[in-house]
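Residue numbers (full-length UniProt numbering): 1 to 350.
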């Protein structure tokens, strides 16, 4: 399914910085920023031990269920993906963003597409302080290699390897999340269609001369199923909890996992997607993150599963194919959880 998204020659934040930018252009200046951030270490994401999940440790499964119900976010440690692969995929991304602007433009997002180099959410009045690469990865038939950089030479090979490894982790986590709901381990994956639809957004947040006036990525919930995020050692991710923003520790060897909108819809709101954002906190260091999205196939009709609907708890969400949902998401500005809220049968009052 082709996506119809706004397209224009990409405005490169990195090029602005490299040209000696001293003041942020008005198009990037936030009118106001929610500064209600929890004190450092006052709250932190739940940490889930992947090895214990694989050993069917009941206490770890209970921790996962609590993390899904109370946070919608958690960190995964003790996974079996080689740390050397994490380092290689981050370095390949970093090398691409350090190419000249002209070299990167060879892979710019084309009209009518969302894949390649540039930016999304051009419908927003204020742009985020980020450059990105976006690709469809799985099933392999969806790959558009013309949007995959050929420099550095390792990029395509390492991304293919990384895709396979993270896909395995996603299947495991979807299975365990299904079990926390008291269901068979293949429940959620079956709701995604014949296979998992995997895409990636590689984010590059250049240094900013006025970091307190911009947003790296505006507050939003993700449109897909579950997101598996790899960070570097620079903090920036914040999660909204109890009306405050919680700073997520940057651990380059762990993954940050969050539930996205389709999980909320399938579970009829039992598990919810969670609002998060990326802030720019430094005038001197760049930040790289790789968000791997695992979602239903685009032609899969998503609606609350019968397991979560009864006379006392009727269906709360309308039905829509994931392809329609994602296309609509990409054509609008990021604004909290407004997109999934628009799917509610009875609209909530702000």
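Yeah, the Cβ is synthetic: ideal placement off N, Cα and C, and Gly gets one too.
CB-CB length for residue i against residue j, believed under 8 Å
| i | j | result |
| --- | --- | --- |
| residue 208 | residue 202 | Not really, about 19 Å apart at Cβ, beyond 8 Å. |
| residue 273 | residue 232 | Rounded, the Cβ-Cβ distance is 25 Å, inconsistent with contact. |
| residue 377 | residue 303 | The structure shown does not extend to residue 377, since the chain spans only 1 to 350, so no value can be given for it. |
| residue 182 | residue 280 | 42 Å between Cβ atoms; not a contact. |
| residue 46 | residue 95 | Wrong, their Cβ atoms sit about 34 Å apart, outside the cutoff. |
| residue 119 | residue 11 | 7 Å |
CB contact flag (residue i, residue j, <7 Å)
| i | j | result |
| --- | --- | --- |
| residue 28 | residue 127 | yes |
| residue 165 | residue 81 | yes |
| residue 115 | residue 144 | yes |
| residue 262 | residue 296 | yes |
| residue 355 | residue 293 | Residue 355 falls outside the range modelled here, since the chain spans only 1 to 350, and no answer is possible. |
| residue 175 | residue 163 | no |
| residue 170 | residue 229 | no |
| residue 33 | residue 48 | no |
| residue 43 | residue 53 | no |
Residue environment, residue i, which counts as buried when at least 16 other CB atoms sit within 10 Å
| i | result |
| --- | --- |
| residue 31 | exposed |
| residue 136 | buried |
| residue 310 | exposed |
| residue 319 | exposed |
| residue 264 | buried |
| residue 344 | exposed |
| residue 247 | buried |
| residue 14 | buried |
| residue 19 | exposed |
| residue 238 | buried |
| residue 306 | exposed |
| residue 278 | buried |
Top-ranked residue by Cα proximity to residue i, from the options
| i | options | result |
| --- | --- | --- |
| residue 289 | 43, 62, 92 and 72 | 92 |
| residue 336 | 89, 137, 276 and 322 | 276 |
| residue 255 | 79, 26 and 17 | 79 |
| residue 101 | 16, 110, 179 and 50 | 16 |
| residue 75 | 263, 62, 322 and 253 | 253 |
| residue 198 | 217, 242, 180 and 227 | 227 |
| residue 66 | 156, 23, 343 and 270 | 270 |
| residue 25 | 211, 104, 108 and 154 | 211 |
| residue 129 | 104, 204 and 152 | 204 |
| residue 111 | 174, 331 and 60 | 331 |
| residue 179 | 44, 58, 21 and 313 | 58 |
| residue 430 | 282, 286, 287 and 326 | Here the chain covers residues 1 to 350 and nothing more, so residue 430 does not appear. |
| residue 225 | 241, 177 and 244 | 177 |
| residue 71 | 312, 321, 257 and 328 | 257 |
| residue 113 | 147, 87 and 141 | 147 |
Reduced DSSP category for residue i - H, G, I as helix; E, B as strand; rest coil
| i | result |
| --- | --- |
| residue 285 | coil |
| residue 341 | helix |
| residue 321 | strand |
| residue 200 | strand |
| residue 227 | strand |
| residue 12 | coil |
| residue 219 | strand |
| residue 48 | strand |
| residue 162 | helix |
| residue 118 | strand |
| residue 107 | coil |
| residue 295 | strand |
| residue 151 | coil |
| residue 65 | helix |
| residue 136 | strand |
| residue 174 | helix |
| residue 192 | coil |
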